[in-house]
Amino acid sequence: MSGKILEMKNISKTFPGVKALSNVLLDLYPGEVLALIGENGAGKSTLMKILTGIYQKDAGHIFYNNQEIAPTNPKEAQELGINIIHQELNLMPDLTVAENIFIGREPRDFLNFFLNNKELNQKAEALFERLNIKLNPRTKISKLTVAKQQMVEIAKALSFNAKVLIMDEPTAALTDKEINTLFNIINWLKNEGVSIIYISHRMEELKRISDRITVMRDGEYIDTLPTETTEMKQVVSLMVGREIKIEQKTSNPDTFTETILEVNNLNNHYLKDVSFHLRKGEILGFAGLVGAGRTEVARAIFGADSFTGEIIINGSKVSIKQPVDAVNHGIGYLSEDRKRYGLMLDMTVKENIAISSLSKYTMASFVKPSNIKKDAEEYSTKLKVKTPSVNQRVKLLSGGNQQKVVIAKWLLKNSDILIFDEPTRGIDVGAKQEIYELLESLAKEGKSIMMISSELPEVLRLSDRIMVMNEGRITGELLSKDADQKRIMELATKHY
Amino acid sequence: MSVTLISTKTESNKKILSSTEALQQILAFASLIILIIFFSLASENFLSWSNIEGILLSTTVIGILALGTTFVIITGGIDLSIGTGMTLTSVMTGVFIVFLGLPVIMGIIGGILMGALIGFISGFSVSVLKIPPFIATLAMMMIAEGLSLVISGASPIYFSDVEGFNLIALGSISPVLSIPNAVLIFFLMVIIGWILLSKTIVGRYTFSIGSNEEATRLSGINVKKWKMIIYTIAGCFTGVAGVIMASRLNSAQPSLGMGYELEAIAAVVIGGTSLSGGKGSLIGTLIGALIMSVLTNGLRIMSIPQEWQTVVIGLVILLAVYFDMLRKKGE
Numbered sequence: 001m002s003g004k005i006l007e008m009k010n011i012s013k014t015f016p017g018v019k020a021l022s023n024v025l026l027d028l029y030p031g032e033v034l035a036l037i038g039e040n041g042a043g044k045s046t047l048m049k050i051l052t053g054i055y056q057k058d059a060g061h062i063f064y065n066n067q068e069i070a071p072t073n074p075k076e077a078q079e080l081g082i083n084i085i086h087q088e089l090n091l092m093p094d095l096t097v098a099e100n101i102f103i104g105r106e107p108r109d110f111l112n113f114f115l116n117n118k119e120l121n122q123k124a125e126a127l128f129e130r131l132n133i134k135l136n137p138r139t140k141i142s143k144l145t146v147a148k149q150q151m152v153e154i155a156k157a158l159s160f161n162a163k164v165l166i167m168d169e170p171t172a173a174l175t176d177k178e179i180n181t182l183f184n185i186i187n188w189l190k191n192e193g194v195s196i197i198y199i200s201h202r203m204e205e206l207k208r209i210s211d212r213i214t215v216m217r218d219g220e221y222i223d224t225l226p227t228e229t230t231e232m233k234q235v236v237s238l239m240v241g242r243e244i245k246i247e248q249k250t251s252n253p254d255t256f257t258e259t260i261l262e263v264n265n266l267n268n269h270y271l272k273d274v275s276f277h278l279r280k281g282e283i284l285g286f287a288g289l290v291g292a293g294r295t296e297v298a299r300a301i302f303g304a305d306s307f308t309g310e311i312i313i314n315g316s317k318v319s320i321k322q323p324v325d326a327v328n329h330g331i332g333y334l335s336e337d338r339k340r341y342g343l344m345l346d347m348t349v350k351e352n353i354a355i356s357s358l359s360k361y362t363m364a365s366f367v368k369p370s371n372i373k374k375d376a377e378e379y380s381t382k383l384k385v386k387t388p389s390v391n392q393r394v395k396l397l398s399g400g401n402q403q404k405v406v407i408a409k410w411l412l413k414n415s416d417i418l419i420f421d422e423p424t425r426g427i428d429v430g431a432k433q434e435i436y437e438l439l440e441s442l443a444k445e446g447k448s449i450m451m452i453s454s455e456l457p458e459v460l461r462l463s464d465r466i467m468v469m470n471e472g473r474i475t476g477e478l479l480s481k482d483a484d485q486k487r488i489m490e491l492a493t494k495h496y
Numbered sequence: 001m002s003v004t005l006i007s008t009k010t011e012s013n014k015k016i017l018s019s020t021e022a023l024q025q026i027l028a029f030a031s032l033i034i035l036i037i038f039f040s041l042a043s044e045n046f047l048s049w050s051n052i053e054g055i056l057l058s059t060t061v062i063g064i065l066a067l068g069t070t071f072v073i074i075t076g077g078i079d080l081s082i083g084t085g086m087t088l089t090s091v092m093t094g095v096f097i098v099f100l101g102l103p104v105i106m107g108i109i110g111g112i113l114m115g116a117l118i119g120f121i122s123g124f125s126v127s128v129l130k131i132p133p134f135i136a137t138l139a140m141m142m143i144a145e146g147l148s149l150v151i152s153g154a155s156p157i158y159f160s161d162v163e164g165f166n167l168i169a170l171g172s173i174s175p176v177l178s179i180p181n182a183v184l185i186f187f188l189m190v191i192i193g194w195i196l197l198s199k200t201i202v203g204r205y206t207f208s209i210g211s212n213e214e215a216t217r218l219s220g221i222n223v224k225k226w227k228m229i230i231y232t233i234a235g236c237f238t239g240v241a242g243v244i245m246a247s248r249l250n251s252a253q254p255s256l257g258m259g260y261e262l263e264a265i266a267a268v269v270i271g272g273t274s275l276s277g278g279k280g281s282l283i284g285t286l287i288g289a290l291i292m293s294v295l296t297n298g299l300r301i302m303s304i305p306q307e308w309q310t311v312v313i314g315l316v317i318l319l320a321v322y323f324d325m326l327r328k329k330g331e
């Protein structure tokens, strides 16, 4: 065990009916970044929850600084120096920066009952000075950007003198610039001797930041590889248990002739003079950094945000003031946050598929359930939704299958223009492939697709044409045969 | 090695923050002043000392209930049991003093402890049994209502033979203006509540739980324990309100109290506390309670029928919450 700060041996964990982990290994050296990867459901989170005391292991041993430990709650792990920064940041938005960092450890006056806010803020300031972070301890969390909130989390972890820091998808909500800042911090932490377990789905990041990569699949340990000498393709195939080809589309632009949607001079609070057109059977990719205004374009066209400008569908100018107008004009929108905006999680697959088309099934306001079941079954079979039956509640489905339910909803509604906003967010690698194939077959059938994605390989893989945005404007248009990551990034960072 | 991080505009942030929060307080306070000016122009009696005293006195019971329930609402919960809970504490105070012949001070403490017990049971149901606050306290509301009737035999308990009992609320120890004790107790409760909420660990966790309960739990805070403490504190406020109610009426009225909880919640909401938790203030609640009683009193002075007064208060609640939402949108 020489030199290792952490060693997890033969960890097993069973939940009622599911073997979540079996004999999983993990070791960590001081000052290294270990990437932990695996598809959703591979057991990464469960393993990390055991390490941080949120779950208890059924079998196995954890050695930390050559001593066996078994933390029973998060606080115990924190006090040992093991901290986790969750993907959904765990901060109290209505409390200040300093109040969040020292929650549960507030400096107190008499009887341990009265708060000493002055000392609290001084402690926070001293901490920021040590970490070279510029933050005001008195600012409320809700006023900070996600990147700064993350910094608060990191500062909080380091205030416990963290020796092991677990970061779960830390870059999911960050812009490229913020990611660079984060990586600077990670490098600084490494130099300070802090070890980092880094969970991410983004392969190119792992290459940049990690020293070694541990792969998990189906609750089992697969392998650990040194990053420097490893091909990412090899990692991906270990993850999914098969080779995956990442390719770029090169379509003939002359294939598409019929313009179905034309958008002219869209303007609102976020957007400046956005104009573009979408043709029948085409997949039009929208690339850009987070916050470039791509989602805002989708929301405007769908009637979710107000705007000025012209929208022409099938040659005639239409007025879209609210989502119901857009739906009636054959537009379907698949939000990046499907759990919040796309699905009724407690309702069944069948009910979710039919929700936008209920008028088809009603007679004098009474719903005829038998027809719904038949149609829902037809679409869920067509889209290969993996569910025991259409009576299953949607929240029990995996991310990829939930996404398919949302797609089925718009297909049943017979929407011709489909707007996909980050269609594969939170979906594991295998299921991503299926969603890609699905999008392509929809386009072949004559649906027109607007696809917003922050993952460039995904944009290149699917798009016939690519619109690039920055700061609420369209900064460029590329045909698939001319596009590559470099050209897209140049346009995505182009300023006016 | 040093790292350059995104710099924060520290100073300007601080200014913006303090000004929006100040604005909220000023807005509520300004509406109260405008109401007062309006009614004093409409009726010359409105600003007479006896009328002001009447307004303050009528604010005390609802006001104290509202103060306590502000804590619960900031955690993101709700407490429907405070109205009939108050009735039960009145009745138990009567039982202790009139039926059992305990000294008045013991009766008062017993009444307040009764309130604390009701709050504790609600808190236990919510945090340990995980029953949603609306349901848990709805059940508690009915239990307290029923028990009040059972214990008192459905008839009022009179304190007529207990010398000085009605002076607890209606006497005056104030050297000037003979402000009724009930009003003084109300202001004392405002101060106690304000200290608890803004200066102590209880207050910090009240906001923290309301802001993000899961994050609070993962920060190693015993959320179950603190929720029970917070509901129990709210229960103590209910107990104080019950004692004052009994003293003012010089009797414990077992069928009075239902509906008080909604008026108290209305005062909290008008005062700018968010029903979704995490945000709120006791000064806001104080102003909210005053707005409600100034409205009732002013409309009565203007001879507007009781039924219409209720309609107006309903409209005020809608307006208050709507403006609060506009303000938050503007932030």
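Respectively, the protein sequence lines represent chains A and B.
Heads up: the first sequence is residues 1 to 496, going by UniProt numbering.
Heads up: the second sequence is residues 1 to 331, going by UniProt numbering.
All residues carry an ideal CB built from backbone N, CA and C; glycine is no exception.
Please name the residue or residues paired with residue i in a DSSP beta bridge.
i: Leu115(A); result: Arg108(A)
i: Gln67(A); result: Tyr64(A)
i: Arg217(A); result: Glu220(A)
i: Glu7(A); result: Asp27(A), Phe63(A)
i: Ala287(A); result: Val468(A)
i: Asn264(A); result: Glu310(A)
i: Leu199(A); result: First, the amino acid is wrong: residue 199(A) is Ile here, not Leu. Its beta-bridge partners are Leu36(A), Asp168(A).
i: Phe276(A); result: Val263(A)
i: Leu21(A); result: Lys13(A)
i: Thr200(B); result: Phe114(A)
i: Arg212(A); result: Leu34(A), Pro226(A)
i: Lys143(A); result: Beta-bridge pairing links Lys143(A) to no other residue.
Report all residues from its chain with a CB closer than 7 Å to the CB of residue i; omit the five preceding and five following residues, and keep chain order.
i: Lys49(A); result: Tyr55
i: Asn45(B); result: Asn51, Ile301
i: Asn314(A); result: Ile260
i: Thr493(A); result: Asn470
i: Gly193(B); result: Leu67, Leu282
By the 10 Å Cβ neighbour count, where 16 or more other Cβ atoms means buried, how is residue i classified, buried or exposed?
i: Arg138(A); result: buried
i: His201(A); result: buried
i: Glu39(A); result: buried
i: Glu422(A); result: buried
i: Asn371(A); result: exposed
i: Ser306(A); result: exposed
Does residue i come out as helix, strand or coil in the three-state DSSP assignment?
i: Lys339(A); result: helix
i: Lys15(B); result: Low confidence applies to Lys15(B): its pLDDT is 42, below 50, so where it sits in the model is not reliable enough to give any reading.
i: Arg473(A); result: strand
i: Ala173(A); result: coil
i: Pro16(A); result: coil
i: Leu479(A); result: strand
i: Pro253(A); result: helix
i: Asp421(A); result: strand
i: Met189(B); result: helix
i: Met451(A); result: strand
i: Lys123(A); result: helix
Residues in its own chain within less than 6 Å of residue i by CB, not counting five upstream and five downstream?
i: Pro93(A); result: Ile141, Ser142
i: Thr250(A); result: Ser480, Lys481
i: Ser463(A); result: Ile283, Gly285, Ser480
i: Val91(B); result: Ser148, Ile151, Ser152, Ala252, Pro254
i: Val202(B); result: Leu196
For residue i, which residues in the same chain have their Cβ closer than 8 Å to its Cβ, ignoring the five residues on either side in sequence?
i: Met142(B); result: Thr84
i: Phe96(B); result: Leu102, Met106, Gly107, Gly110, Gly111
- prompt: If you scan the region 216-279 of chain B from start to end, which runs of the alpha helix (DSSP H) of 4 or more residues do you find wholly inside it?
  reply: 223-249, 260-270
field: Ordered list of beta strand (DSSP E) runs contained in the region 305-371 of chain A, each at least 3 residues
entry: 308-313, 316-318, 331-334
message: List, from N- to C-terminal side, the alpha helix (DSSP H) runs of 4 residues or more that fit wholly inside the region 50-137 of chain B.
response: 82-94, 104-127
Residue ranges of each beta strand (DSSP E) within the region 77-109 of chain A, 3 or longer: 82-85
Ordered list of beta strand (DSSP E) runs contained in the region 371-428 of chain A, each at least 3 residues: 417-421
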